[in-house]
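Okay, structure first, notes after.
Protein chains: 2
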Amino acid sequence: MSTSEHGRHGPAVTMRDVAKVAGVSVATVSHVVNDKPGARIGDDARRRVQEAVIELGYRPNALAKTLSQGTSRFIGLVADAIATTPFAGQIIHGAQDEAWKHGYVLLVANTDGNLAAENEAIAMMLEHQVHGILYSTWFHREIQVPEALHQTDTVLVDCFAEGSGLPAVVPDEVQGGRTATEELLAAGHRRIAFINTTTPSPAQSGRLAGYRAALEAADVAYDESLVFPATPEQEGGYAATSGILDSKATAVFCHNDRVAMGLYDGLREHGLRIPDDIAVMGFDNQDVIAAHLRPPLSTVALPHYELGVAGVRLLLGLEPGPSAGPQLVACPPIRRHSI
Amino acid sequence: MSTSEHGRHGPAVTMRDVAKVAGVSVATVSHVVNDKPGARIGDDARRRVQEAVIELGYRPNALAKTLSQGTSRFIGLVADAIATTPFAGQIIHGAQDEAWKHGYVLLVANTDGNLAAENEAIAMMLEHQVHGILYSTWFHREIQVPEALHQTDTVLVDCFAEGSGLPAVVPDEVQGGRTATEELLAAGHRRIAFINTTTPSPAQSGRLAGYRAALEAADVAYDESLVFPATPEQEGGYAATSGILDSKATAVFCHNDRVAMGLYDGLREHGLRIPDDIAVMGFDNQDVIAAHLRPPLSTVALPHYELGVAGVRLLLGLEPGPSAGPQLVACPPIRRHSI
Chain F
1 MSTSEHGRHG
11 PAVTMRDVAK
21 VAGVSVATVS
31 HVVNDKPGAR
41 IGDDARRRVQ
51 EAVIELGYRP
61 NALAKTLSQG
71 TSRFIGLVAD
81 AIATTPFAGQ
91 IIHGAQDEAW
101 KHGYVLLVAN
111 TDGNLAAENE
121 AIAMMLEHQV
131 HGILYSTWFH
141 REIQVPEALH
151 QTDTVLVDCF
161 AEGSGLPAVV
171 PDEVQGGRTA
181 TEELLAAGHR
191 RIAFINTTTP
201 SPAQSGRLAG
211 YRAALEAADV
221 AYDESLVFPA
231 TPEQEGGYAA
241 TSGILDSKAT
251 AVFCHNDRVA
261 MGLYDGLREH
271 GLRIPDDIAV
281 MGFDNQDVIA
291 AHLRPPLSTV
301 ALPHYELGVA
311 GVRLLLGLEP
321 GPSAGPQLVA
331 CPPIRRHSI
Chain R
1001 MSTSEHGRHG
1011 PAVTMRDVAK
1021 VAGVSVATVS
1031 HVVNDKPGAR
1041 IGDDARRRVQ
1051 EAVIELGYRP
1061 NALAKTLSQG
1071 TSRFIGLVAD
1081 AIATTPFAGQ
1091 IIHGAQDEAW
1101 KHGYVLLVAN
1111 TDGNLAAENE
1121 AIAMMLEHQV
1131 HGILYSTWFH
1141 REIQVPEALH
1151 QTDTVLVDCF
1161 AEGSGLPAVV
1171 PDEVQGGRTA
1181 TEELLAAGHR
1191 RIAFINTTTP
1201 SPAQSGRLAG
1211 YRAALEAADV
1221 AYDESLVFPA
1231 TPEQEGGYAA
1241 TSGILDSKAT
1251 AVFCHNDRVA
1261 MGLYDGLREH
1271 GLRIPDDIAV
1281 MGFDNQDVIA
1291 AHLRPPLSTV
1301 ALPHYELGVA
1311 GVRLLLGLEP
1321 GPSAGPQLVA
1331 CPPIRRHSI
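Listed in order, the protein sequences are those of chains F and R. The opening residue of the first sequence carries number 1 in this note's numbering; numbering runs sequentially from there. The opening residue of the second sequence carries number 1001 in this note's numbering; numbering runs sequentially from there.
Here it is in structure tokens:
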């Protein structure tokens, strides 16, 4: 532990080297480098050590530091599906940017919902004495909390577990659904269809609640026959087309952008123009799709980046968090040309 | 270093606890757990230690182990844009699966092409004594190698640096372009247009070379007027439509799936049916798009997962790697309904 061996290529600069150049003892270098509280180091000695550190390119051994301090500068991120969706990546991105800002490194593990991989990932993170763990899912849902997560500080990101006592940050589905519907109302529509997912989830119930709340606030009666169930992909939106046309709706709020993309295809086949003949609103602001449909899709953004940021801030105690229930992150409207 | 402190919640099992249950000395436990070469431990003692480790749920302190062994079980992955593309995620996924298989944990850092963040990420990885670093880019290109990467073993993934001496794994763009064109030739097409990207890159030159090689092998003369430059997004494919129609091509090989998606929109506006009136071939097999267009898009897959796997295998010395140039990973055809 007396040398700082960083790689296997070329000699490493040691604390002893720094001490020699700075003209102080190794103990003094150690105190300055490790920022030990209570150590009385003169300003001059401190400055000389800092200059020598820069001059020599000395790199303190992060592992030795971790051992002496009890926890590391790691934050673990356990994700069920980083790779199979373009969504989760933005959670990582936000979490990482915020972690870095406070001097932490994000240790990412993708588990693909495999329980064994998940347990192993968490165990490894605990072995590496992470400061805490962000446990995230690629779509907003309630989860069973893995037992091992109780061995460290944990924040749930894009998921929650009622009664677990674990803090959580999730998108505000109700506000998102309300905002999407309000955008259509503001454009003068009154007969607004809603293609909702067939998958039970907070998105399914929350966006519906928001749709109803917006209609109610605008004095438009809720009409159950305007709500169409669909699989939440292009194929579902396409299949909903004839029902939408029969309903005489002048606008459609789609559960997500993929549904809107399928609906675009269906409406086009019937010779309808968007938004002249019918307005379409999406949800997600999905990369690669939303901005590139013809016409570009008006939608509501799922705030994945912000969820990652908020998760880290809760974990590091930079935010108090709500007194009850998950912390809600707003879904802002993204205005393009389909309304 | 004598205790294994894994979290801040609940008492941790120590090496002393294991020694007590196994009826051996702490030194013996340490030798067994750390698998020290040269230590003479009887089979019986070894078995009793292993049983006690399992019974008590003892978790060796990974950091202490790293310090005694010189390198850690970490492999670093530095990526320029995990989050802004659905591509890079699959590189992470493949690298992580392969790393785990051999007992390594992937330490991921997303840098967004920010040089300062990149340098800091690499420095942190070196501090944590990674076994080596995978340096990856979200699209295949030549890079300038950051100086710090020479301090550890490095493999370039989806990028390369001629003359750097660093091993690299990249997609076989030429084979991919040839395969895409061969799929169209096999369906009976002879007048095949190619919408190529305007961005200079190995994909631009490689896919064109593959297109020409396939035509030549099929005795179809190369006609420069059938190659259309376009920005590599939906908008570029859409804008190319009139040129494609004027060219009397019966099939189109698109630089990527996003270009094909835009071309679909353009062809539909002219009342053309795919594949009856004109066949369309993509490239990338991009998640969320390719399988969900109408009709589902025939394409060639960019092997991102396989690139991640191959990178780890090269880094761990499990594959010899090619004697010269980057290791090429094949781009397989994905057959759907647009041909």
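Just so it is clear, CB atoms sit at the ideal spot from N, CA and C, and this is done for glycine as well. Just so we're clear, the structure is a prediction, and the values are computed from it rather than from any experiment.
Residue i at chain F interface by Cβ criterion, 8 Å
{"i": "ILE1334/R", "result": "no"}
{"i": "LEU1056/R", "result": "no"}
{"i": "ARG1294/R", "result": "yes"}
{"i": "LEU1107/R", "result": "yes"}
{"i": "VAL1288/R", "result": "yes"}
{"i": "MET1124/R", "result": "yes"}
{"i": "ASN1110/R", "result": "yes"}
{"i": "GLY1243/R", "result": "no"}
{"i": "ILE1092/R", "result": "yes"}
{"i": "GLY1089/R", "result": "yes"}
{"i": "TYR1238/R", "result": "yes"}
Chain-order list of residues whose beta-carbon lies under 6 Å from that of residue i (same chain, five-residue window excluded)
{"i": "SER136/F", "result": "ALA79, ILE91, VAL157, ASP158"}
{"i": "ILE143/F", "result": "CYS159, ALA161"}
{"i": "ALA1027/R", "result": "none"}
{"i": "GLY236/F", "result": "ALA230, VAL259"}
Whole-angstrom distance between residue j and residue i, CA atom to CA atom
{"i": "ARG1191/R", "j": "ILE1274/R", "result": "16 Å"}
{"i": "CYS331/F", "j": "ALA193/F", "result": "20 Å"}
{"i": "ALA1203/R", "j": "ALA1180/R", "result": "13 Å"}
{"i": "ALA186/F", "j": "GLY243/F", "result": "24 Å"}
{"i": "GLY1076/R", "j": "ALA1099/R", "result": "10 Å"}
{"i": "ARG1040/R", "j": "VAL1021/R", "result": "20 Å"}
{"i": "LEU245/F", "j": "GLY1103/R", "result": "56 Å"}
{"i": "ASP1043/R", "j": "VAL1049/R", "result": "10 Å"}
{"i": "GLY1266/R", "j": "THR1198/R", "result": "19 Å"}
{"i": "GLU1051/R", "j": "ARG1258/R", "result": "56 Å"}
{"i": "SER1025/R", "j": "LEU1056/R", "result": "16 Å"}
{"i": "GLY1321/R", "j": "VAL1155/R", "result": "11 Å"}
{"i": "VAL33/F", "j": "GLY311/F", "result": "30 Å"}
{"i": "LEU1307/R", "j": "LYS1101/R", "result": "16 Å"}
{"i": "ALA1081/R", "j": "MET1015/R", "result": "42 Å"}
{"i": "ARG1207/R", "j": "ARG207/F", "result": "44 Å"}
{"i": "ILE195/F", "j": "VAL227/F", "result": "6 Å"}
{"i": "GLU1182/R", "j": "TYR58/F", "result": "56 Å"}
{"i": "ILE122/F", "j": "PRO1333/R", "result": "37 Å"}
{"i": "PRO1229/R", "j": "TYR1238/R", "result": "12 Å"}
{"i": "LEU302/F", "j": "PHE283/F", "result": "7 Å"}
{"i": "SER1225/R", "j": "ALA1240/R", "result": "13 Å"}
{"i": "VAL29/F", "j": "VAL53/F", "result": "9 Å"}
{"i": "HIS93/F", "j": "GLY1271/R", "result": "42 Å"}
{"i": "VAL1108/R", "j": "ALA290/F", "result": "28 Å"}
7 Å CB neighbourhood of residue i in its chain, flanking five on each side removed
{"i": "THR152/F", "result": "LEU126, VAL130, GLY132, ILE133"}
{"i": "HIS1009/R", "result": "At HIS1009/R, the pLDDT of 39 sits below 50, so the modelled position is not reliable and the matter cannot be decided from this model."}
{"i": "THR231/F", "result": "THR198"}
{"i": "ASP1172/R", "result": "LEU1328, VAL1329, ALA1330, CYS1331"}
{"i": "VAL145/F", "result": "ALA161, SER164, LEU166"}
{"i": "HIS1189/R", "result": "THR1250, ALA1251, ALA1279"}
8 Å Cβ shell around residue i - same chain, five flanking residues per side excluded
{"i": "SER201/F", "result": "PHE139, HIS140, ARG141"}
{"i": "GLN234/F", "result": "ARG258, VAL259, MET261, GLY262, ASP265"}
{"i": "GLN1175/R", "result": "GLY1210, LEU1328, ALA1330, CYS1331"}
{"i": "ALA1148/R", "result": "ASN1119, ILE1122, ALA1123, LEU1126"}
Proximity test, Cβ basis, 8 Å: residue i and chain R
{"i": "ASP265/F", "result": "yes"}
{"i": "HIS340/F", "result": "This structure cannot settle anything about residue 340/F, because the visible part of chain F is limited to 1 through 339."}
{"i": "TYR135/F", "result": "no"}
{"i": "GLN96/F", "result": "yes"}
{"i": "GLU235/F", "result": "yes"}
{"i": "ARG258/F", "result": "yes"}
{"i": "GLY113/F", "result": "no"}
Per DSSP, the bridge partner or partners of residue i
{"i": "CYS159/F", "result": "ARG141/F"}
{"i": "ILE334/F", "result": "THR299/F"}
{"i": "ALA230/F", "result": "THR197/F"}
{"i": "GLY1132/R", "result": "ILE1075/R"}
{"i": "ALA1045/R", "result": "According to DSSP, ALA1045/R bridges with nothing at all."}
Determine, using beta-carbon pairs with one atom in the segment 1317 to 1328 of chain R and one in the segment 1284 to 1299 of chain R, whether at least three such pairs fall under 8 Å.
-> no
Does the count of Cβ pairs from the segment 1261 to 1273 of chain R and the segment 1205 to 1225 of chain R closer than 8 Å reach three?
-> no
Would you check if there are 3 or more beta carbon pairs closer than 8 Å linking the segment 278 to 286 of chain F to the segment 239 to 251 of chain F?
-> yes
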